[in-house]
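Chemist:
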Amino acid sequence: MNKNTNIIITCASILLFLVGIIHLIRLFYGWKVIVQETEIPLWVSLIGTSIPIFLSYQLLKIRSR
54 MNKNTNIIIT CASILLFLVG IIHLIRLFYG WKVIVQETEI PLWVSLIGTS
104 IPIFLSYQLL KIRSR
């Protein structure tokens with residue numbers, strides 16, 4: 054892979070990791086998220102933690118090849 058591709062993959066991986074960490078913090082502190090008067094349940098953040106962190110890990114594995 055060329056240098057630009059590595060930079061893009063690294064940035065995407067960092068962004069996904071940060072999204073996962075924010076969801077993890079929401080789970081830990083029990084923050085409420087309300088969208089158009091509907092409260093989003095905490096279990097959504099469980100999915101929002103696991104999927105982005107997994108994708109971040111997979112991107113880093115692809116980059117290291």
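Just so we're on the same page, our numbering is the position in the sequence shown counted from 1, plus 53. All C-beta atoms, glycine included, are put in the ideal place defined by N, C-alpha and C. Note that the coordinates shown come from a computational prediction; the quantities given were computed from them, not determined experimentally.
Is residue 98 closer than 7 Å to residue 80 when the C-beta atoms are compared?
Modeler: Counting from 1 along the sequence shown, the entry for residue 80 is found at position 27. Counting from 1 along the sequence shown, the entry for residue 98 is found at position 45. Yes. Within cutoff.
Chemist: May I have the straight-line CA-CA distance separating residue 88 from residue 65, to the nearest angstrom?
Modeler: Residue mapping note: residue 88 aligns to position 35 of the sequence shown, counting from 1. Residue mapping note: residue 65 aligns to position 12 of the sequence shown, counting from 1. Each residue's Cα considered, the two are about 26 Å apart.
Chemist: Looking at the strands, I want to know which residues DSSP matches up with residue 92.
Modeler: As a position in the sequence shown, residue 92 is number 39, starting the count at 1. DSSP lists 87 as partners of residue 92.
Chemist: Using 10 angstroms around the beta-carbon of residue 105, count the other beta-carbons present and answer buried if the total reaches 16, otherwise exposed.
Modeler: Position 52 of the sequence shown, counted from the start, is the residue given in the question as residue 105. So residue 105 counts as buried.
Chemist: Quick check: the Cα distance between residue 109 and residue 90, rounded to an integer number of angstroms?
Modeler: As a first step, residue 109 is located in the sequence shown; it is residue number 56 there, counting from the start. As a first step, residue 90 is located in the sequence shown; it is residue number 37 there, counting from the start. Using only the alpha carbons, I get a separation of about 32 Å.
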